[in-house]
Amino acid sequence: MSAPLAPAPRVRPAAAAPDGPGAPAAIRGSLRADHYAFWYGATQALFDVTFEVAPRAVTALIGPSGCGKSTFLRSLNRLQDLLPRTRHTGDLLVDGASIFAPGVDPVALRRRVGMVFQKPNPFPKSVFDNVAYGPRVGGTAGEAELPALVERALRRAARWDEVKYRLDTPGTALSGGQQQRLCIARALANEPAILLMDEPTSALDPIATQRIEELVVELKRDVTIVIVTHNMQQAARVSDTTGFFYLGQLVEIGTTQQIFTSPGDPRTEAYITGRFG
Amino acid sequence: MASPATRRIVGAAMTGATYGAAALAIVPLAAILVMLLTRGAGSLDWDFFTRSAVPVGEPGGGFAHAIVGTLLVVGVACAIGIPIGVGAGIFLAEFGGGRFGWVVRFVADTLNGTPSIVIGIFAWAWIVRPAGRFTALAGSVALACILAPLVARTTEEMVRLVPNSLREAALALGYPRWRTSLTVVARTARAGIVTGCLVAIARVAGETAPLLFTALGNQFFSTNLLQPIAALPLQIYVYALGPYEEWHRQAWAGALVLILLVLILGTIARVATRSRHERA
């Protein structure tokens, strides 16, 4: 479960490559950044990011605040597109195909690349409706199939026993940790191949955090996970691969063990030993 | 640096001043209510709500035609103005960052500041004159012109209050932008939007000036939108200016009914907002 250390070879945007659920199982859930750079107005936030994420593994992105790791994460489902006065160069590939290719619908992309946010953000609706939201709008399930689908998603992300009698309670009435697992279930209901997590435990207490971490390790059996975290112990606990971002650059990426025991770059070493950040 | 004692005194004085200001703000409403109750409540009987105006000199009669007229004119104004206002408000909050949004916002603010009689004249020039007669519908259009910009601006404020994290959550689940705005965002802001609409309705229900040149008023019971129609504020206006004691009594009662209507709408708005806080 390791990602290549060398920069991925430069490839042209593969517009005609297989897209979505039809993609061969071998590359479903694969992710690649190819000389990706990103600007907010005149400010460049990301420089020439190139790496590849192995399918069905956990990749942690670490780095000090403002280093661009969240910008990168939010580029992967094209949420960044919605911000005014932003632009990018280079390419990002999901399942082998460019996500910026003409004909790629960002709305459809976001169903394949799910996201969990820093602060739990359930809709002010029932637990059931929260989970059913994605499939309902995606038209992937009829109303009759929804209960089974919701149960499956909740079983994967939450303790089903905790919530099965509370499907009608508002999602906002749950505890913080339960809310976050509800948000994960909500993302899983779309059956995404990739799940992006933007500091998913920074608003949670240690016990809730531990449960989310266990969940992340469980989920990687069938989902590729990219997790941004400020917590280096967390990166060490849950990830197979760790990438270190600094000042908009991907300084170093390698197996988590290698990054934390024998980092190749002095800046990585300085960060993980707590000298800055 | 003031001494603790001075600071305490200044603090108490300031607190007292705010209490005083709050009490003063209530005085006009209380005074109006007391006056209307003493002068108008006596004339409120079953006939007042069920009978229309009777010829001068004949005793009795009521405001039924004016109450029904107000409900009709305001109802049609809502049917026209609320969809436009809510739609424009959601547009302004969600997509109104550009030049067009600036123009819409500017127009709405200008309309909100336009004296209502000007809007009445506008409706007269554009609807009454070409049609050749005063109509209830023209009154509704005039009221809708007041209603829509008010609703648009309150809706915009309410939609802006929806946390961005909810928008992102919906987008990240594969929601198209317009659907996110309409379902997640507008639904979350629903209580606030409803409140804004009710406040705007209360405001236009009491408008007299825009109806003078449009709905005109009518001494007879009518539900025809293409004919002149009575309305509470118009009827109060006419009766208050009239020379008869009986008319004056009924005008007071009409004013009481009008302000009760506004108070009821305001109370509903309050309850709607409160239940939003409880749910959150």
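These protein sequence lines are chains A and B, in that order.
Under the numbering used here, think of the first position of the first sequence as 30, with each following residue one higher.
Under the numbering used here, think of the first position of the second sequence as 6, with each following residue one higher.
No residue lacks a Cβ here, since even glycine has one placed at the ideal position from N, Cα and C.
Since the structure is predicted, the reported quantities are computational estimates derived from the model, not experimental observations.
Shorter than 7 Å, the distance from the beta carbon of residue i to the closest heavy atom of the ligand COA, or not?
i: B/A18; result: Annotation note on the ligand COA: not contained in the displayed structure, which lists no ligands.
From the DSSP output, in three-state form, read off residue i for me.
i: B/V15; result: helix
i: A/A54; result: Its pLDDT being 48, under 50, A/A54 is placed unreliably in this model, and the coordinates cannot settle the point.
i: A/P199; result: strand
i: A/T285; result: helix
i: A/T302; result: coil
i: A/R114; result: coil
i: A/D77; result: strand
i: B/F218; result: coil
i: A/G143; result: strand
i: A/A62; result: strand
i: A/Q278; result: strand
i: A/G95; result: coil
i: A/T100; result: helix
i: B/V164; result: helix
i: B/L265; result: helix
i: A/S155; result: strand
i: B/Y244; result: helix
i: A/L105; result: coil
i: A/I307; result: Lying before the first or after the last residue shown, residue 307 of chain A is absent from chain A, which here runs from 30 to 306.
i: B/V108; result: helix
i: A/D251; result: coil
I want to see whether chain A comes within less than 8 Å of residue i, judged by CB atoms only; does it?
i: B/E173; result: yes
i: B/G102; result: yes
i: B/S170; result: yes
i: B/L176; result: yes
Strictly below 9 Å CB to CB, what residues from chain A border residue i?
i: B/G106; result: Ordered by position in chain A, no residue passes the 9 Å Cβ test against B/G106, which lies about 12 Å from the chain.
For residue i, go through chain B and note every residue whose CB falls closer than 7 Å to its CB, in chain order.
i: A/G171; result: Result: empty, since nearest Cβ-Cβ is about 17 Å, beyond 7 Å.
For residue i, which of the options has the nearest alpha-carbon?
i: A/T285; options: A/K193, A/L279 and A/F273; result: A/F273
i: A/V267; options: A/T302, A/G283, A/E243 and A/G92; result: A/E243
i: A/W68; options: A/P229, A/D110 and A/T88; result: A/D110
i: A/R85; options: A/R103, A/T253 and A/V257; result: A/T253
i: B/G125; options: B/L263, B/F225 and B/L221; result: B/L221
i: B/P181; options: A/V166, A/R185 and A/P199; result: A/V166
i: A/T376; options: A/P235, A/V160, A/A232 and A/R181; result: Since the first residue of chain A shown is 30 and the last is 306, residue 376 of chain A is not available in this structure.
i: B/E161; options: B/F100, B/I95 and B/P168; result: B/I95
i: A/A264; options: A/R250, A/L276, A/G277 and A/T238; result: A/T238
i: A/L224; options: B/S186, B/L217, B/L178 and B/V189; result: B/L178
i: B/A196; options: B/P120, B/A235, B/Y249 and B/L166; result: B/L166
i: B/Y242; options: B/N229, B/L34, B/Q224 and B/T193; result: B/Q224
i: A/L217; options: A/R188, A/T88 and A/L183; result: A/L183
i: B/T188; options: B/L171, B/V204, B/T200 and B/G201; result: B/L171
i: A/T271; options: A/F76, A/D77 and A/E81; result: A/E81
i: B/L148; options: B/V204, B/G259, B/E212 and B/N169; result: B/E212
i: A/F157; options: A/V142, A/A214, A/P135 and A/L102; result: A/A214
i: B/L270; options: B/T200, B/L217, B/E251 and B/F226; result: B/T200
i: B/I206; options: B/Y244, B/A141 and B/L77; result: B/L77
i: A/K193; options: A/A202, A/S204 and A/E180; result: A/E180
i: A/L121; options: A/P135, A/R114, A/L105 and A/V136; result: A/L105
i: B/F53; options: B/W252, B/V276, B/A277 and B/T272; result: B/W252
Consider the Cβ of residue i: report whether some Cβ of chain B lies at a distance smaller than 8 Å.
i: A/F146; result: yes
i: A/V166; result: yes
i: A/F67; result: no
i: A/P113; result: yes
i: A/Y162; result: yes
i: A/A52; result: Because the pLDDT at A/A52 is just 45, under 50, the model does not fix this residue reliably, and the value given afterwards should be weighed accordingly. So, not an interface residue.
Which residues of chain B have a Cβ atom closer than 9 Å to the Cβ of residue i, listed in chain order?
i: A/A137; result: G179
i: A/G215; result: The identity of residue 215 of chain A in the sequence shown is Arg, whereas the question assumes Gly. Going along chain B in sequence order, the residues near A/R215 (Cβ under 9 Å) are A174 and L178.
Quick one: list the residues of chain B neighbouring residue i, beta-carbon separation under 8 Å, in chain order.
i: A/F152; result: L171, A174, A175, V189 and T193
i: A/R393; result: There is simply no residue 393 of chain A to check, as chain A begins at 30 and stops at 306 in what is shown.
i: A/G293; result: Those do not exist, as A/G293 stays about 34 Å from chain B at its closest Cβ, beyond 8 Å.
i: A/G143; result: A177 and L178
Under 9 Å (Cβ pairs) to chain A, residues found in the stretch 178 to 190 of chain B | L178, G179, Y180, P181, R182, R184, T188 and V189
Quick one: which residues of the stretch 194 to 228 of chain B get their C-beta closer than 8 Å to a C-beta of chain A? List them in chain order.
-> Of all residues in the stretch 194 to 228 of chain B, none comes within less than 8 Å of chain A when Cβ atoms are compared.
Residues, ordered as in the chain, of the stretch 182 to 210 of chain A that lie near chain B by beta-carbon distance below 8 Å | P199 and T201
Could you run through the stretch 260 to 287 of chain A and flag, in chain order, every residue whose CB is less than 9 Å away from some CB of chain B?
-> none
When you check each C-beta in the stretch 91 to 120 of chain A against every C-beta of chain B, which residues fall closer than 8 Å?
-> N106, L108, L111 and P113
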